[in-house]
Amino acid sequence: MLSFLTFFNAFSNNFIGPLPEEVVQLPILEHLNLGGSYFDGAIPKSYGGFISLKFLYLAGNSLSGEIPSELGFVKSLERLEIGYNSFTGQIPTEFGLLANLSFIDISSANLSGVFPSALTNLTKLETLLIFKNNMHGEIPKSIGNLRNLRILDLSNNEYSGSIPEEVSLLKNLMELSLMNNKLTGNVPQGIGELPGLEFLFLWNNSLTGMLPQKLGLNSKLQRLDVSSNSFTGPIPPNLCLGNNLIKLILFSNEFSGAIPSSLANCSSLIRFRIQNNRLNGSIPIGFGSLPNVTFMEMSDNSLTGSIPADIVNAVNLEYLNVSGNSLEGVLPESIWSAPSLQIFSASLNRLKGTIPRFKGCENFYKIELEGNELFGSIPWDIGHCMKLLSLNLRHNSLTGIIPWEISTLPSITEVDISHNFLNGTIPDTFGNCSTLETFNVSYNQLTGPVPSSGPAFSSLHPSSFVGNEGLCGGVLRKQCGTEPRADAMPQQTKKTAGPIVWILAAVIGLGLFIVIAGSKCFRATFRHRIVLEEKEIGPWKLTAFQRLNFTADDVVECLSMSNKILGMGSAGTVYKAEMPSGEVIAVKKLWGKHKETVRRRRGVLAEVDVLGNVRHRNIVRLLGCCSNRECTMLLYEYMPNGSLDDLLHGKNKCDNLMADWVTRYKIVLGVAQGICYLHHDCDPVIVHRDLKPSNILLDGEMEARVADFGVAKLIQCDESMSVIAGSYGYIAPVLGSC
Numbered sequence: 001m002l003s004f005l006t007f008f009n010a011f012s013n014n015f016i017g018p019l020p021e022e023v024v025q026l027p028i029l030e031h032l033n034l035g036g037s038y039f040d041g042a043i044p045k046s047y048g049g050f051i052s053l054k055f056l057y058l059a060g061n062s063l064s065g066e067i068p069s070e071l072g073f074v075k076s077l078e079r080l081e082i083g084y085n086s087f088t089g090q091i092p093t094e095f096g097l098l099a100n101l102s103f104i105d106i107s108s109a110n111l112s113g114v115f116p117s118a119l120t121n122l123t124k125l126e127t128l129l130i131f132k133n134n135m136h137g138e139i140p141k142s143i144g145n146l147r148n149l150r151i152l153d154l155s156n157n158e159y160s161g162s163i164p165e166e167v168s169l170l171k172n173l174m175e176l177s178l179m180n181n182k183l184t185g186n187v188p189q190g191i192g193e194l195p196g197l198e199f200l201f202l203w204n205n206s207l208t209g210m211l212p213q214k215l216g217l218n219s220k221l222q223r224l225d226v227s228s229n230s231f232t233g234p235i236p237p238n239l240c241l242g243n244n245l246i247k248l249i250l251f252s253n254e255f256s257g258a259i260p261s262s263l264a265n266c267s268s269l270i271r272f273r274i275q276n277n278r279l280n281g282s283i284p285i286g287f288g289s290l291p292n293v294t295f296m297e298m299s300d301n302s303l304t305g306s307i308p309a310d311i312v313n314a315v316n317l318e319y320l321n322v323s324g325n326s327l328e329g330v331l332p333e334s335i336w337s338a339p340s341l342q343i344f345s346a347s348l349n350r351l352k353g354t355i356p357r358f359k360g361c362e363n364f365y366k367i368e369l370e371g372n373e374l375f376g377s378i379p380w381d382i383g384h385c386m387k388l389l390s391l392n393l394r395h396n397s398l399t400g401i402i403p404w405e406i407s408t409l410p411s412i413t414e415v416d417i418s419h420n421f422l423n424g425t426i427p428d429t430f431g432n433c434s435t436l437e438t439f440n441v442s443y444n445q446l447t448g449p450v451p452s453s454g455p456a457f458s459s460l461h462p463s464s465f466v467g468n469e470g471l472c473g474g475v476l477r478k479q480c481g482t483e484p485r486a487d488a489m490p491q492q493t494k495k496t497a498g499p500i501v502w503i504l505a506a507v508i509g510l511g512l513f514i515v516i517a518g519s520k521c522f523r524a525t526f527r528h529r530i531v532l533e534e535k536e537i538g539p540w541k542l543t544a545f546q547r548l549n550f551t552a553d554d555v556v557e558c559l560s561m562s563n564k565i566l567g568m569g570s571a572g573t574v575y576k577a578e579m580p581s582g583e584v585i586a587v588k589k590l591w592g593k594h595k596e597t598v599r600r601r602r603g604v605l606a607e608v609d610v611l612g613n614v615r616h617r618n619i620v621r622l623l624g625c626c627s628n629r630e631c632t633m634l635l636y637e638y639m640p641n642g643s644l645d646d647l648l649h650g651k652n653k654c655d656n657l658m659a660d661w662v663t664r665y666k667i668v669l670g671v672a673q674g675i676c677y678l679h680h681d682c683d684p685v686i687v688h689r690d691l692k693p694s695n696i697l698l699d700g701e702m703e704a705r706v707a708d709f710g711v712a713k714l715i716q717c718d719e720s721m722s723v724i725a726g727s728y729g730y731i732a733p734v735l736g737s738c
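Taking the UniProt record's numbering, I'd label the letters of the sequence shown as residues 1 to 738.
Here you go:
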C-alpha cells in the first residue's frame with residue numbers, strides 16, 4: 001500500500017529504539033526525515049539499499065556506532081544530514097562515491113580521523129559541514145577540486161598545518177569557517193580575492209602574518225572574525241568597500257597601524273571589536289554618523305588623540321570601550337546625552353578636564369573613567385542616572401565632596417572613587433542604600449564617621465577606607481571620640497551597676513531558654529527529616545554573589561515549612577520563600593539524582609559561578625546558591641508580577657495587555673536587551689537556548705527580566721554552540737564570534 005510513497009517526514013517526535021529498516025523496501029522513496037527524535041543504536045547497513053533516495057536526514061538523535069560504509073552506495077543521494085549524534089570512528093571513504101551529493105552535514109557527531117580526501121571527488125558539492133568533531137591532520141590540498149562549494153565549515157576540530165592555497169580556487173565560496181582549530185601559517189592571499197565571500201571565521205587558531213590586503217575589495221564581505229590569532233600588519237583598508245560589513249572582530253592579535261578611516265563610513269556596521277592589538281593613531285571621525293553600530297570595543301591599543309565628539313551621536317550605540325589607550329583631551333561635553341549608550345569605559349588613558357554634567361544619562365548602567373587625570377568635582381546631577389549599576393572614578397584628581405545623590409540611585413551596586421582628593425564626610429544616606437555591594441573611598445581626604453547602618457557598611461573591609469586620616473567609626477577600629485571612656489565612669493556607678501546587670505542577665509537568660517525550648521519542640525516535626533538528611537549528605541554550603549541577610553539554614557528551614565510553589569519545570573521546582581528578615585526570594589530546587597557525582601556537582605557550581613556575576617537590569621539576578629552532595633538550590637530575586645506566560649495565558653492574564661502598546665514595547669525591548677547582553681557582551685558568552693514566555697519574568701514596574709538558565713550554555717572563545725537541548729522556545733543563531 002505504501003509502495004508509491006515518495007516523501008516521508010517524521011521529524012521532531014519522541015520515537016525511541018533502533019531506526020526502522022522496513023523503509024528501505026519503499027522502491028520510489030526520495031525523501032526520508034527521521035531526525036529530532038530519540039532513535040538509538042547504529043545506522044542499519046541496509047540503509048545502503050535505497051534505490052531512489054535523494055534526501056536522508058537522521059540528525060539530532062542518539063545514534064551511535066560507526067557510520068556504515070554502505071551509505072556510500074546510495075548513488076541517488078543529493079542531501080545527507082546525519083550530524084548531532086554520537087558516532088565512533090571516521091567518515092567512510094565510500095562517501096566519495098556519492099557523485100550527486102550537493103549537501104552534507106556530519107557536524108557534532110563525535111567523529112575522529114583525518115579529512116577523507118575522497119570527499120574532494122564530489123564535484124557537485126555545495127555545502128560541506130563537519131564542524132565540532134575530533135578530526136585532526138591537515139586540510140588536503142585537493143579541497144580545491146570542490147569548485148561548486150559555497151559553504152565550508154570545518155570549525156571546532158583539531159586540524160593543524162596551514163590553510164591550503166587551493167582554497168583560493170573555490171570561486172563560488174560564500175562562507176569559510178575554520179575557527180577553533182590548530183592552524184598555523186599565513187592566510188592565502190587569494191582568499192582575499194574570492195568574489196562571493198560573505199563570511200570568514202578564522203578565530204582561535206595560531207595564524208600569523210598579514211591578512212590579505214584585498215579582503216573585501218571584490219566581495220560582499222558581511223562578517224569577519226579572525227580574533228585570538230597572531231596576525232600582524234595593518235587592517236585591510238577595503239573591508240567595507242561594498243558597505244555590507246556587519247561584524248568586524250579582530251581582537252587579541254598584533255595588528256598595527258591606524259584604524260582605516262573607511263570604517264567610519266561603513267553604514268552597515270553593527271559590531272566593531274579591535275581590542276588588545278597594537279593599533280595607533282587617532283579614532284577616525286565619522287563613527288557618530290553610523291546608523292546601525294551598537295558595539296564598539298577599542299580598548300588596550302596605543303590609540304592617541306581625543307575621543308571624537310561626534311561618536312556620541314551614533315543613534316544605536318550601546319557599548320563604547322576605549323580604555324587602555326593613550327587618549328588625551330577632555331571628555332565630550334555631550335557624552336551622557338548619547339541616545340542609546342549604556343556602557344562607557346575610558347579608563348587608563350590621559351584624559352584631562354572635568355567630568356561633564358550628567359545631563360541625559362538615564363540609559364547608562366556602567367561608567368568607567370579610572371586612571372585618568374580628571375579634576376574638579378563629581379557633578380551632583382549624577383542622581384539623574386537612574387539605571388546606573390557601576391561607577392568607577394578611581395585614580396584621578398577629583399576634589400570636592402561625595403554627592404549624596406549617588407546613594408539614591410535605585411540599582412547602584414559598585415562605587416569606586418578611591419585614590420582622589422575628595423574631602424568632607426561620607427553622606428549618611430549611603431547607609432540606606434540596600435543595593436550597594438562595593439564601596440571604595442580609600443586614599444582621599446575624607447573625615448567624620450563611616451556609616452554603620454545598612455547591609456553594605458556592616459560587612460565592608462576596612463581597606464575600603466584606608467588613607468583617610470579623618471575617618472572613624474563603622475568598620476574602622478578608630479573610635480570617633482564621642483563615647484566616654486569606661487575607666488572614667490564613677491566608681492559608685494560601677495558598683496551599683498554590677499548586681500543589676502547580673503539580675504537582668506539571669507532573667508533574660510531564663511526567658512530565652514523557655515522561648516528556644518518551646519520553639520525547638522514546635523519545629524521538631526518539620527526539622528526531623530532535614531537533620532537526618534544533613535547527617536547523611538553533609539551540611540549546606542551557601543555561595544553568595546552579593547551581600548545576603550540570611551543563611552543557608554534560613555533557606556532550608558523556610559522551604560521545609562512552606563508549600564508556596566511558584567512553578568515547576570524540567571529542571572526543578574521554584575518556591576517563594578520569605579527570609580527571617582522579611583526579604584522575599586525565589587528558590588529553584590534543581591532536580592538531581594541521589595548523591596550527585598562530584599564531577600556533575602562541580603560542573604553545576606562552575607556554571608552557577610559565572611551566572612552569579614551577570615549584572616544587567618533585564619536579567620533576573622542570581623543571588624546565590626545553596627548546595628550539598630545531593631541537592632542544589634539557586635536563589636533568585638523575586639519577581640512579583642510573575643511571568644509573561646502567566647500574563648498572556650495564565651492566572652494573571654491581563655485582557656488589556658494586547659491593547660497596551662507601551663507595556664508590550666517595554667517588555668519586548670527589555671527581553672531584547674537582556675538577550676543581547678548574554679549573547680554578545682558576556683565573557684564567556686552565555687547562550688540562553690530556551691527563551692519562551694514562561695522564562696520572561698516581570699518585576700514590580702513591569703520591566704522584563706530574562707530568567708531560567710537551567711539549560712544555559714556557556715561558550716568559551718574556543719567552543720561554539722552545537723546541538724540544542726531544552727523545551728521549544730527561541731534558539732539563538734549559531735554565534736560567529738564571542
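All C-beta atoms, glycine included, are put in the ideal place defined by N, C-alpha and C.
Keep in mind the model is a prediction, meaning the values are calculated, not measured.
Of the listed residues the options, nearest to residue i (C-alpha basis)
i: ASN121; options: ILE151, ALA109, GLU94; result: GLU94
i: GLY474; options: GLY481, SER458, ASN468, LEU351; result: SER458
i: GLY676; options: VAL614, MET702, LEU80; result: Looking at the sequence shown, residue 676 is not Gly but Cys. Comparing Cα-Cα distances from CYS676 to each of VAL614, MET702, LEU80, the minimum goes to VAL614.
i: CYS625; options: ASP553, LEU648, GLN90; result: ASP553
i: PRO403; options: PRO236, ALA672, VAL441; result: VAL441
i: ARG357; options: GLU370, ASN100, VAL330, GLY454; result: VAL330
i: PHE465; options: ILE417, LEU77, ASN392; result: ILE417
i: PHE295; options: MET210, ILE696, GLN673, THR435; result: GLN673
i: ARG278; options: GLY196, PHE55, ASN253, SER694; result: ASN253
i: THR429; options: PHE421, SER452, TRP540; result: SER452
i: ASN316; options: LEU391, LEU398, ALA59, SER337; result: SER337
i: ASN423; options: LEU398, SER289, GLU318, CYS361; result: LEU398
i: ALA99; options: LEU146, VAL322, ASN313, LEU58; result: LEU146
i: ASN186; options: PHE201, PRO195, SER206, LEU194; result: SER206
i: SER340; options: GLY324, LEU202, LEU559, LYS387; result: LYS387
Proximity test, residue i beta-carbon vs the ligand ATP heavy atom, cut-off 8 Å
i: TYR38; result: Only the bare structure without any ligand can be found here, which leaves the ligand ATP out of the picture.
Sequence-distant residues of the same chain with beta carbon closer than 8 Å to residue i, five excluded per side
i: CYS472; result: GLY448, PRO449, VAL450, LYS478, GLN479, CYS480, GLY481
i: residue 743; result: Residue 743 lies beyond the residue range present for the chain, which begins at 1 and ends at 738; the question has no answer from this structure.
i: SER581; result: ASN549, PHE550
i: THR496; result: In this prediction, THR496 has a pLDDT of 34, which is less than 50 and means its spatial position is unreliable; what the coordinates show is noted afterwards. Same-chain partners within the cutoff: there are none.
i: ILE16; result: SER37, TYR38, PHE39, ASP40
Contacting residues, own chain, Cβ-Cβ under 6 Å from residue i (five flanking each side not counted)
i: GLU198; result: MET174, LYS220, GLN222
i: ILE249; result: ASP225, SER227, ARG273, SER737
i: THR88; result: GLU66
i: LYS132; result: SER107, SER108, ASN156, SER722
i: ALA264; result: PRO284, GLY286, PHE287
i: ILE500; result: Because ILE500 carries a pLDDT of 38, less than 50, the predicted location of this residue cannot be relied on, and the following value inherits that uncertainty. No residues qualify anywhere along the chain.
Simplified DSSP state of residue i, which is helix, strand or coil
i: GLU94; result: helix
i: LYS118; result: For the record, residue 118 in the displayed sequence is Ala; it is not Lys. ALA118: helix per DSSP, three-state reduction.
i: HIS679; result: helix
i: GLY17; result: strand
i: ILE401; result: coil
i: CYS472; result: strand
i: GLU175; result: strand
i: ARG617; result: coil
i: ARG394; result: coil
i: GLU578; result: strand
i: ASN9; result: strand
i: CYS558; result: helix
i: LEU248; result: strand
i: PHE287; result: helix
i: LEU128; result: strand
Contacts around residue i, its chain only, beta-carbon distance under 7 Å, and the 5 residues preceding and following it disregarded
i: ASN244; result: LYS220, LEU221, GLN222, SER268
i: ASN148; result: THR123, LYS124, LEU125, GLU126, ASN172
i: ASN14; result: SER37, TYR38
i: VAL23; result: PHE8, LEU29, LEU32
* To do: List in chain order: all unbroken beta strand (DSSP E) runs of 3+ residues lying wholly within the stretch 252 to 279.
  => 254 to 257, 271 to 273
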